[in-house]
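Colleague: This is the structure, below, for whatever I ask next.
Numbering (this note's numbering), first residue to last: 8 to 375.
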């Protein structure tokens, strides 16, 4: 018996290992393809290279005009110096190599965030390294959208359960009526919230993440952060809560009419137990999937959202990088976004398998 149990555990471990490896390989391949396409699109097939060469010529020409030691040279000598500097800077950026060769090398560096120096942008601390810019902007984005996503998940489940208990009541009809309002993006509501609570009433800040000067102690720092997060959180909530709650309330109503739920009621089980074990548990896989898609939607909308609220995160840096044609920063931001989406889907796979016993990790034939 012990040998059989050990064999079963070993077989389960192998199947899980194969499943994890397969998922990781598939997601990494997806990230690689997405990053390579981003490099091609961001460079516009080589058109941005011509823009970079123009910028280099302009910068070198300005440096030559400001360099006092060059004024004693003849025009031919000055032109020779300018051409040498242009060739040197183009080599530093790899513009002397074929585009596809640079694209493949750039993709390899992008996957490890080894993108060197930004071409136009700098971080708030003065660093021009792309990795420093990304790592500086990533925490504010995770704080804003991570907290808003988790709060929405908890609040929406709680409200949806309440609406399913009082089907046809006032609040149920109100959420059904307001469900189409959640089709508008968060930044749309953010503009009106800023106009009302910041411009007209003046009770909340227009944007940003922190008061100036930055508070010294952690209590004031936390309070300032929470105060600046109110309007973005409300905007995200208005763009998601009504439609998601309506959908989840519908799932709860469907499962509450199943025969096994009626059997549990006939046995005299408490209503809380019935909700938790017989209604919520079967619907959780669908709800988790919906939540993951909502979270991914929040990631994808962070560019406009953070720009509207002047939030110092990745979205605002992304927008600035596009304005400046800063290709290394654009690609680096895209890589981090792809990694976050892949991690979200990877975690979702395991949560889904844990919650739904019908999902098999892998069978002996290798099917998933």
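Here a beta-carbon is modelled for each residue, glycine too, at the ideal position from N, C-alpha and C.
Helix, strand or coil for residue 128, going by three-state DSSP, please let me know.
Modeller: As a working note, residue 128 is residue 121 in the chain shown. Looking at residue 128 - three-state DSSP - the assignment turns out to be coil, as it is neither helix nor strand.
Colleague: Which residue marks the beginning of the alpha helix (DSSP H) containing residue 93, and which one marks its end?
Modeller: Against the chain shown, residue 93 aligns to sequence position 86. Per DSSP, residue 93 belongs to the alpha helix (DSSP H) from 82-99.
Colleague: Helix, strand or coil for residue 236 per DSSP?
Modeller: Taking the chain shown and counting its residues from 1, the one referred to as residue 236 is at position 229. In the structure shown, residue 236 sits in a helix (DSSP, three-state: H, G or I).
Colleague: Buried or exposed for residue 32, please, with buried defined as at least 16 other CB atoms from any protein chain shown within 10 angstroms of its CB.
Modeller: Start at 1 with the first residue of the chain shown, and residue 32 comes out as number 25. Exposed, since its Cβ has fewer than 16 Cβ neighbours within 10 Å.
Colleague: Between residue 249 and residue 291, what straight-line distance do the alpha-carbon atoms span, to the nearest angstrom?
Modeller: Walking along the chain shown from the start, residue 249 turns up at place 242. Walking along the chain shown from the start, residue 291 turns up at place 284. For residue 249 and residue 291, the distance between alpha carbons rounds to 18 Å.
Colleague: At which residue ranges does the region 165-232 contain complete beta strand (DSSP E) runs of 3 or more residues, listed in the order of the chain?
Modeller: Taking only runs of at least 3 residues, no beta strand (DSSP E) segment lies wholly in the region 165-232.
Colleague: What residue does the alpha helix (DSSP H) around residue 104 start on, and which one ends it?
Modeller: Counting from one through the chain shown, the residue named residue 104 turns up at place 97. First-last for residue 104: undefined, no H or E at that position.
Colleague: Please specify which runs of the alpha helix (DSSP H), each continuous and at least 4 residues long, are wholly inside the region 280-354, giving them in chain order.
Modeller: As far as the region 280-354 is concerned, its whole alpha helix (DSSP H) runs of at least 4 residues are 288-307, 309-315, 321-331.
Colleague: Run the CB neighbour count on residue 45, radius 10 Å, all protein chains shown included, and call it buried at 16 or more, exposed below.
Modeller: Counting from 1 along the chain shown, the entry for residue 45 is found at position 38. Result: buried.
Colleague: Please classify residue 21: is it buried, with 16 or more other beta-carbons within 10 angstroms of its beta-carbon, or exposed?
Modeller: Against the chain shown, residue 21 aligns to sequence position 14. Exposed, by the Cβ-count rule.
Colleague: So who's on the other strand from residue 136, going by DSSP bridges?
Modeller: For this step, residue 136 is matched to residue 129 along the chain shown. DSSP, once it has assigned bridges, lists 124 as partnering residue 136.
Colleague: State the CB to CB distance for the pair residue 271 and residue 193, rounded to an integer number of angstroms; the pair is presumed to be in contact (CB under 8 Å).
Modeller: As a working mapping, residue 271 is identified with position 264 in the chain shown. As a working mapping, residue 193 is identified with position 186 in the chain shown. Not really, about 39 Å apart at Cβ, beyond 8 Å.
Colleague: Going by beta carbon distance, what residues of the same chain come within less than 7 Å of residue 145, once the five residues before and after it are set aside?
Modeller: By 1-based counting over the chain shown, the position of residue 145 is 138. Excluding positions up to five away in sequence, the list reads 321, 343.
Colleague: Whose C-beta lies closer than 6 Å to the C-beta of residue 323 among residues of the same chain, with five residues either side of it excluded?
Modeller: In the chain shown, counting from the first residue as 1, residue 323 sits at position 316. Excluding sequence neighbours, residue 323 sits near 313, 314.
Colleague: Helix or strand or just coil, what does DSSP make of residue 119?
Modeller: Stepping through the chain shown from its first residue, residue 119 is reached at position 112. Coil, per DSSP.
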